[in-house]
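Numbering (my numbering), first residue to last: 12 to 530.
Beta carbons: idealized from backbone N, C-alpha and C, even for Gly.
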């Protein structure tokens, strides 16, 4: 038994270090020395204990990675925290992307510091800001640097939250005076807590969009040609009937679609504004009135509790502690703890735990939430699956109709000009050298009218109107269920949807949803 244990121990040593007589015997690459692994640089495969082959370890990349980690060790603290993973041996590893981001952040901060020092030396003062606005001792640029950039040094330099409140003429316990004159001064100096309204589409734009349907375009062309040829062959009194009926059906379909989309767009915009108009408590002159979120001004003191939405950018007043969900702005689901060391609050975020009071330092487009709301788009102009299918059907039918019309035109023209076409009395319609030019033109016009009629009949002019009426009926049924449909084509999209795959980063932060239709 002792000899067996000795043999196992000897074999264990060979598994780790290998036999000196056989430099290519490296059963375990994880515990082997670097010198032995270097002997395999020219080899392509390594044989392990299970007699399977695998690729060799790229030592050059590993050494380069370690050099980057060592060179980056000094840059980690000023550049901020970066993700760190630990191997089983307890060694920290950084990806190349993390190292590059940290180095770029460090270079940016150093360049910014050098630029500020250069300006200070040139002017003989510290970093300069625009002069304070009106009766207030701080400018909007200073507030933006503190709040949007989360610049804790600038906050400390100005005197902390108390210094900002004094500059904004705010009592941290009683709030601002809150009279009309005070509110007007603050709005004129720092702006209002509103966003630039999106310019709504006019009815003419919806009419133009409705006219872009390929089926309607083909029908309009056919209607114009039919009117012209009908008036030529049957006279002005009766020749326009067929073409006018086609044009009337097209116009009705366009107008109904445009009016429905226009009305739904107005209702949708109204509901969005109503949803954004949140009422919350503020502290003004020692009282706690409820005001609209659009009436919050810089300098307001706003109490916060669980479930509240942060109405504007601000600073947490010392003595309070909050847990904030910033996923709507950052896309990260991690709850952020706010206290005196990290007091900056972003507009649009939610309070998930705790209670406290904030000092409003930026409103409207001077916040990240305001910039996001002002830049988001609501309509991508993509076609729904129903529109794609209908366009495909219309294109196919139109192609078949044009092919048949061309075939009819060719056959009738050949028969007419070769003398095989006869009148009702049996006379040949065209004889070369005997038929006048006027009779030949009239005969050719009739042939062209027949071919156009073939193309018109092949295109279903009632299809767009029928689809519009059906979708309008569905919109009314959905409205009875308290579901407002903004665009008619969206009914089919939601009706045919089977699975919704979503995440907060793409849907909430970027405000984008992609649709994938199965083949």
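Chain-order list of residues whose beta-carbon lies under 8 Å from that of residue i (same chain, five-residue window excluded)
i	result
residue 511	none
residue 464	237, 253
residue 239	254
residue 188	295, 296
residue 198	308
residue 220	269, 272
residue 450	440, 441
residue 154	175, 201, 309, 372, 373, 377
Proximity to residue i [Cα-Cα], best of the options
i	options	result
residue 338	321, 324, 360	360
residue 179	165, 259, 458, 196	196
residue 284	297, 273, 271, 303	303
residue 278	174, 486, 481	486
residue 490	358, 275, 259, 347	275
residue 223	366, 287, 190, 264	264
residue 292	447, 266, 321	321
residue 332	357, 309, 364, 301	364
residue 163	327, 457, 415, 289	327
residue 243	482, 271, 454	454
residue 317	439, 494, 450, 368	368
residue 300	310, 314, 169, 161	314
residue 245	456, 235, 221, 419	456
residue 230	492, 214, 262, 250	262
residue 478	447, 434, 267	267
residue 345	329, 362, 351, 352	362
residue 290	319, 310, 450, 251	319
residue 351	160, 166, 148	166
residue 6	170, 425, 147, 505	What the structure shows of the chain is the stretch from 12 to 530, and residue 6 is not part of that stretch, so it cannot be assessed.
residue 468	450, 207, 413	413
residue 409	225, 492, 149	225
residue 183	249, 235, 298	298
Neighbourhood of residue i by C-beta distance below 6 Å, restricted to the same chain and skipping five residues each side
i	result
residue 53	Bear in mind that a pLDDT of 43 at residue 53, under 50, signals an unreliable position, so the model cannot answer this.
residue 204	305, 307, 323, 374, 375
residue 380	358, 359
Status (buried if at least 16 other CB within 10 Å, exposed otherwise) for residue i
i	result
residue 31	Confidence in residue 31 is poor, its pLDDT being 48 and thus under 50, which makes the residue's placement unreliable; the coordinate value appears in the next sentence. Burial call: exposed.
residue 445	exposed
residue 233	buried
residue 508	exposed
residue 190	exposed
residue 259	exposed
residue 136	In this prediction, residue 136 has a pLDDT of 45, which is less than 50 and means its spatial position is unreliable; what the coordinates show is noted afterwards. So residue 136 counts as exposed.
residue 378	buried
residue 400	exposed
residue 448	exposed
residue 213	exposed
residue 405	buried
residue 506	exposed
residue 172	buried
residue 403	exposed
residue 257	buried
residue 247	exposed
Contact under 8 Å by Cβ, residue i with residue j
i	j	result
residue 158	residue 355	yes
residue 370	residue 312	yes
residue 217	residue 151	no
residue 336	residue 348	no
residue 466	residue 416	yes
residue 458	residue 423	yes
residue 270	residue 185	no
residue 280	residue 211	yes
residue 325	residue 372	yes
residue 425	residue 433	no
residue 411	residue 462	no
Residues near residue i by beta carbon distance below 7 Å, same chain, minus five either side
i	result
residue 253	237, 241
residue 428	441
residue 193	187
residue 407	none
residue 430	439, 441, 442
residue 147	178, 179, 180, 200
residue 156	162, 165
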